[in-house]
Structure formats: structure tokens, C-alpha cells
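Asks:
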Amino acid sequence: MRHQELLDAVVDGVHRVEDLARALGISPSTVRRGLTELEQAGKIVRTHGGAVPSPGGGELSWAQKSQRNAAAKRRIAALAADLVEDDHVVLLDAGSTTTFIAERLAARSGPTVVTSGLGPMTALHDAEGVELIVVGGRVRRRRGSIVGDYARGVLDRVTADIAFIGADGLLPGRGVNCPSPELAAVKELQMRSAREVVVVADSSKLHTGEHPYWAVVPGPHVLVTDDGISDEDARAFDADPSCRLRVAATAGGPITPAATD
Numbered sequence: 010m011r012h013q014e015l016l017d018a019v020v021d022g023v024h025r026v027e028d029l030a031r032a033l034g035i036s037p038s039t040v041r042r043g044l045t046e047l048e049q050a051g052k053i054v055r056t057h058g059g060a061v062p063s064p065g066g067g068e069l070s071w072a073q074k075s076q077r078n079a080a081a082k083r084r085i086a087a088l089a090a091d092l093v094e095d096d097h098v099v100l101l102d103a104g105s106t107t108t109f110i111a112e113r114l115a116a117r118s119g120p121t122v123v124t125s126g127l128g129p130m131t132a133l134h135d136a137e138g139v140e141l142i143v144v145g146g147r148v149r150r151r152r153g154s155i156v157g158d159y160a161r162g163v164l165d166r167v168t169a170d171i172a173f174i175g176a177d178g179l180l181p182g183r184g185v186n187c188p189s190p191e192l193a194a195v196k197e198l199q200m201r202s203a204r205e206v207v208v209v210a211d212s213s214k215l216h217t218g219e220h221p222y223w224a225v226v227p228g229p230h231v232l233v234t235d236d237g238i239s240d241e242d243a244r245a246f247d248a249d250p251s252c253r254l255r256v257a258a259t260a261g262g263p264i265t266p267a268a269t270d
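In this note's numbering, the protein residues as written are 10 to 270.
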């Protein structure tokens, strides 16, 4: 068992030992050992019969992340949304930048949007001109994402015109950084299910990879970022033959370092 998977489950609201064991397919004794080690690392707080996330020890929620580098993300979203035609089938990944894209698409008439994110779902809930399809599966509440076999079952049956993929980090030739293998699997399937792949990442995400998991970008793709991108990063992504770089001008103040989607 990887401790990150156990921590993800606790952060997502699975708090009792028995429920954690059932969700992860491991024994209660293995869960208890893992919780002990996570508590020693300051990631969780043990409770009677289970655990809760440590204050400040878990990841920020997707709503909190939407406030990080918001000006840059909104400019990226505006440029990305302009790539969508009214008759397109669009895949929207979970994340704050993809939620801003959904807000742009809410005023449109004609697109079909398939999403694995609670943020895009909320933004498009009342958009009468958009056909909204939400994939099923397990909800990771703090990430605002839907993962698992049910999600894969829907995505296996979709061919989209364009997919917008969020990132916790991005390396040329390596792919999209993710905090869990489940999220990486969903991102890869979304990318394989679309004719065009667009990775949306503000400039603080470029050349970073704090998590151990990666979603491999399957082929040619567009990277939409902001004009806080360094010359070095611009040269690196320009040198990647599979990547086409598009830069959105950012209105507002400086970019906050190391934000995550």
C-alpha cells in the first residue's frame, strides 16, 4: 500500500478504519499501521476508530486553489475557450483553470461538455445552451474530481473534439504531474479520448513535479500558459516537437510560485 493513497482517501472524507480498508482493498491492520506513520509525518490526526486530515497537512481544496494565480488562470481560460467551436464535444478535466474554462463556455450555445470535475459541473449546471455529461465514479472531494472504474467506463465510450487537461506540474517529454495514480489514469484516458489535447497550466507549474505520479501525454498537444513563463521554459517547450506553445497575456500582479491545480 502506498501511503499517498491512504492519505488521499482520508482527505477525501473516508475516515473510519473499516471504511478505509474496504475502499483500498487492504486489511484494517495495514490501515492502522499506515495511519500511524502518516500521523508521525504530521499528515493526519488519529481519532477513535479512524483519522482526519491534519490542519494544514492536506492539500488545498479546488475552491482554494482557484484563488491562486487567478488572473493568469482566467486569461488562460479565455484563450482556451476560444478554441472551442459551438458544435464541439469537449472534455474538461477537474481543476481550477478548467472551471474557469467552463464558466466561459456557460454562455455558449451548442457545445457538449463531458467532465470529471465538480468545478466545471457546477459552472455549467444552469447553462441551458450546453449539453452537460458528468462521468460517474468516486468523488475526491478536496480535489473536486471523479475517478475510478465508472469514470473510465464513460470515457472509454467518448470521442471528443478537444480535451482540456489541468496540471499540478508539467515537464517536456515527461507529462502531467499528478498526486495519485487514479488521477493520472483519468487524465491519460481523457487525452486518448480526444482528437486535440490542450494542457492548461499557469507558468508556476512549468518544469515542476512534486508528486510521484505522471500522466503521459500521448502525442501532439497544445500548452496554454501565461506570459509569466521564463525564457528558459519557453525554449524548452518550444523544443519539444510534440508541443505547440500558446501564451496568454496576464492582467494583474505577479504570479504566485508553486500553485497547484
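Cβ coordinates follow ideal geometry from the N, Cα and C atoms, glycine included.
Can you name, in chain order, every residue of its own chain whose Cβ lies under 7 Å from the Cβ of Asp95, other than the five neighbours on each side?
Replies: Correct list, in chain order: Arg117, Ser118, Gly119 and Pro120.
Asks: Would you identify the three-state DSSP class for Gly59, choosing helix, strand or coil?
Replies: Strand.
Asks: Is the separation between the beta-carbon of Ala111 and that of Ala132 shorter than 8 Å?
Replies: The answer is yes: Cβ separation under 8 Å.
Asks: State the CB to CB distance for the pair Val233 and Arg255, rounded to an integer number of angstroms; the pair is presumed to be in contact (CB under 8 Å).
Replies: Between Arg255 and Val233 the Cβ distance is about 5 Å, and since that is below 8 Å, they are a contact.
Asks: Taking 8 Å as the threshold, find out whether the stretch 46-65 comes into contact with the stretch 128-142 through three or more Cβ pairs.
Replies: Judged by Cβ distances under 8 Å, the stretch 46-65 makes no contact with the stretch 128-142, as fewer than three pairs qualify.
Asks: Which same chain residues, not among the five before or five after Glu48, have their C-beta less than 6 Å away from its C-beta?
Replies: If we look at Glu48 and ignore the five residues flanking it on each side, its Cβ neighbours are Arg55.
Asks: Inspect the beta-carbon positions of Leu88 and Ala169 and report whether they are closer than 8 Å.
Replies: No; because the gap between Cβ atoms is not below 8 Å, this pair is not in contact.
Asks: For Pro109, which residues from the same chain have a beta carbon less than 7 Å from its beta carbon, with the 5 sequence-adjacent residues on both sides left out?
Replies: In the sequence under discussion, the amino acid at residue 109 is Phe, which differs from the Pro named in the question. Within the same chain, Phe109 has close Cβ partners Lys82, Arg83 and Ala86.
Asks: Quick check on Ser239: does DSSP put it in helix, strand or coil?
Replies: Coil, per DSSP.
Asks: Rounded to whole angstroms, what is the Cα-Cα separation between Gly67 and Ser125?
Replies: A caution first: Gly67 carries a pLDDT of 48, below 50, which makes its placement in the model unreliable, though a value can still be read off. Straight-line Cα distance between these residues: approximately 21 Å.
Asks: Given that a residue counts as buried once 16 or more other Cβ atoms are within 10 Å of its Cβ, and exposed if not, what is Ser189?
Replies: Buried, by the Cβ-count rule.
Asks: For the structure I just gave you, are there three or more beta carbon pairs, one from the stretch 218-225 and one from the stretch 242-254, closer than 8 Å?
Replies: Taking 8 Å as the limit for Cβ pairs, the verdict is that the stretch 242-254 does not touch the stretch 218-225.
Asks: Can you check DSSP and say which residues form a bridge with Ile53?
Replies: Answer by DSSP bridge pairing, in chain order: Pro62.
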